[in-house]
Structures are given as structure tokens and as C-alpha cells.
Amino acid sequence: MYNNFMFDAELLGNLEKHFQEKKVLFKKEDFAYIAGKDTFKGKMLGFLTTDYYRREKLIRGGSLVYGYVFRTWTNEVTFTRPYPMWILFSPSQTFKNDPDLFVSILSALQAIELPKRGQSGLRKLFTMLNAELSEPKYFLIPEPYAQGHLVYLSMAYHRPWHNNNLKLGINPFIMGASISKEILYLPTKYWDESFKKAYYEF
Numbered sequence: 475m476y477n478n479f480m481f482d483a484e485l486l487g488n489l490e491k492h493f494q495e496k497k498v499l500f501k502k503e504d505f506a507y508i509a510g511k512d513t514f515k516g517k518m519l520g521f522l523t524t525d526y527y528r529r530e531k532l533i534r535g536g537s538l539v540y541g542y543v544f545r546t547w548t549n550e551v552t553f554t555r556p557y558p559m560w561i562l563f564s565p566s567q568t569f570k571n572d573p574d575l576f577v578s579i580l581s582a583l584q585a586i587e588l589p590k591r592g593q594s595g596l597r598k599l600f601t602m603l604n605a606e607l608s609e610p611k612y613f614l615i616p617e618p619y620a621q622g623h624l625v626y627l628s629m630a631y632h633r634p635w636h637n638n639n640l641k642l643g644i645n646p647f648i649m650g651a652s653i654s655k656e657i658l659y660l661p662t663k664y665w666d667e668s669f670k671k672a673y674y675e676f
């Protein structure tokens with residue numbers, strides 16, 4: 475079920491303030507936890523990429539945004555290992571004020587049918603949205619699907635211990651386009667009580 479309820483700029487702003495206050499007291503274990511480097515398997519996931527080594531800097535200098543998780547994929551039944559999730563997100567204040575805007579954009583994207591021939595741009599968009607192995611990073615959603623807004627698509631790995639009850643829909647992410655092309659999930663242990671209530675008790 476998509477959890478598009480009770481999320482607005484004030485709620486995200488309070489979470490950002492709470493996170494910034496906690497971050498002042500962070501130890502290296504906190505950075506490793508958010509960066510997904512707190513386990514051996516986590517340290518191996520993505521270690522050949524440049525962005526892997528920018529995660530701590532992203533945590534320090536990035537900002538929180540609403541991301542709209544619309545798809546996940548795993549063949550595990552125990553959910554003990556990281557698995558991919560696909561997210562729509564935007565740095566625009568418009569989506570902080572009204573993250574429900576993601577819903578209409580997603581509806582338009584999900585209505586796309588794979589062209590039989592030609593239209594390479596549309597075929598690429600369809601693949602990024604639907605292929606099990608697609609790994610988009612800051613893939614710009616084109617018009618008319620973006621409906622006049624700046625919207626990106628990314629894949630990120632969800633670590634089940636970061637949120638053992640992940641819901642499709644609105645979730646908090648750390649982004650910093652000038653720092654990294656990755657976005658990182660903000661684990662529930664760093665959420666304030668108001669955000670937890672909005673997320674779990676809608």
C-alpha cells in the first residue's frame with residue numbers, strides 16, 4: 475500500500491533538524507551504518523564505484539528529501555540481505571510541500587507501454603522503470619511525464635535493518651547531487667517521533 479498521507483514540508487523540516495542534531499554526535503559507526511558499510515557484505519556492495527567512497531561525505535553534507543519508493547525486487551523470503559528499490563525524488567520545494575505530486579507522475583509513468591520500434595528515449599525510460607537489473611542514478615524524468623517539475627529516478631539498495639517494515643510510497647532519503655550520484659535511505663533509528671507516527675500510523 476502506498477503511504478501518501480500526512481507528509482509535508484514541516485514534517486520533513488523537523489526530521490532534518492532532528493537528524494542534524496544527532497549528526498553532531500555521530501561516531502564512525504553511525505556513518506558506517508547509514509552508508510551500508512557496517513557488515514562485511516555491505517562493505518562489498520558497490521566498493522568498486524566512486525560513489526561508494528563518497529557516502530560519508532554525502533551523509534555529512536547532503537540534505538533530506540522525500541523519495542517515492544514505487545518498486546522493490548528480491549527473490550529472498552527472509553529479507554536478510556540488501557535489495558534494490560526504485561525511487562522518484564526531487565530537490566524542489568514543491569515536493570516537500572506536497573509529496574502527493576509524485577502519485578500523478580508515477581501514474582503517467584506506469585501507463586507507458588514499450589514501443590515496438592524506434593523511440594529510443596521512451597524505450598530507455600521504460601527499461602529504467604521496469605527492468606529488474608536497471609540501475610538508474612539521477613535519471614531525469616522527461617516531459618510530459620514530469621508534468622513541468624524537476625523529477626529524478628534512482629535505484630538504491632534497501633538494507634532491511636534500516637527499516638524492517640518498509641512501505642511503498644513516501645520515504646526519507648539523503649541527497650546531494652554535487653557530492654554523489656547515489657541517494658541514501660535514512661534509517662528509522664534516526665527518525666523523530668513525529669515522522670515515525672506519520673509513517674506507521676496512517
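In case it helps, our numbering puts the sequence shown at residues 475 to 676.
Cβ coordinates follow ideal geometry from the N, Cα and C atoms, glycine included.
Worksheet item: Does the region 530-543 come within contact of the region 553-566, defined as at least 3 CB pairs closer than 8 Å?
Response: Short answer: they touch.
Item to complete: Could you tell me which residues DSSP puts in a beta bridge with Thr546?
Response: What you label residue 546 is simply residue 72 of the sequence shown in a count that begins at 1. Answer by DSSP bridge pairing, in chain order: Met559.
Fill in: Extent of the continuous alpha helix (DSSP H) run through Gly535
The residue given as residue 535 occupies position 61 in the sequence shown. Here the alpha helix (DSSP H) through Gly535 covers 529-535.
Fill in: Option in Leu607, Glu609, Phe613, Ser581 with minimal Cα separation from Gly595
As a first step, residue 595 is located in the sequence shown; it is residue number 121 there, counting from the start. Checked all of Leu607, Glu609, Phe613, Ser581; the closest Cα to Gly595 is Phe613.
Discussion item. Among Glu675, Ser668, Tyr674, Tyr664, whose alpha-carbon lies nearest the alpha-carbon of Lys496?
Written reply: Taking the first residue of the sequence shown as position 1, residue 496 is located at position 22. Per the Cα distances, Tyr664.
Discussion item. Bridge partners for Pro706 per DSSP, in chain order?
Written reply: Because the chain is modelled from 475 through 676, residue 706 falls outside the range shown and cannot be assessed.
Worksheet entry | Distance between beta carbons of Glu490 and Leu538, contact taken as under 8 Å | Mapped onto the sequence shown, residue 538 falls at position 64. Mapped onto the sequence shown, residue 490 falls at position 16. Contact holds; Cβ gap of about 5 Å.
Fill in: Cβ pair Ile615, Gly536 closer than 7 Å
As a position in the sequence shown, residue 615 is number 141, starting the count at 1. As a position in the sequence shown, residue 536 is number 62, starting the count at 1. No, the pair does not count as a contact, with Cβ atoms beyond the cut-off.
Practice prompt. Could you spell out the range, first to last residue, of the beta strand (DSSP E) harbouring Ser578?
Written response: The sequence position of residue 578 within the sequence shown is 104, counting from 1. From DSSP, Ser578 is part of no beta strand (DSSP E) but of the alpha helix (DSSP H) over 575-584.
Discussion item. Using only the alpha-carbon positions, how far apart do Glu587 and Ser608 sit?
Written reply: Along the sequence shown, read from residue 1 onward, the residue named residue 587 stands at position 113. Along the sequence shown, read from residue 1 onward, the residue named residue 608 stands at position 134. Approximately 17 Å between the Cα atoms of the pair.
Worksheet item: In terms of alpha-carbon separation, which member of Thr662, Leu583, Glu667 lies closest to Glu617?
Response: Locating residue 617 in the sequence shown gives position 143, counting from the first residue. Per the Cα distances, Leu583.
Worksheet entry | Pairwise C-alpha distance: Gln593 and Leu519 | Against the sequence shown, residue 519 aligns to sequence position 45. Against the sequence shown, residue 593 aligns to sequence position 119. Rounded to the nearest angstrom, the two C-alpha atoms are 34 Å apart.
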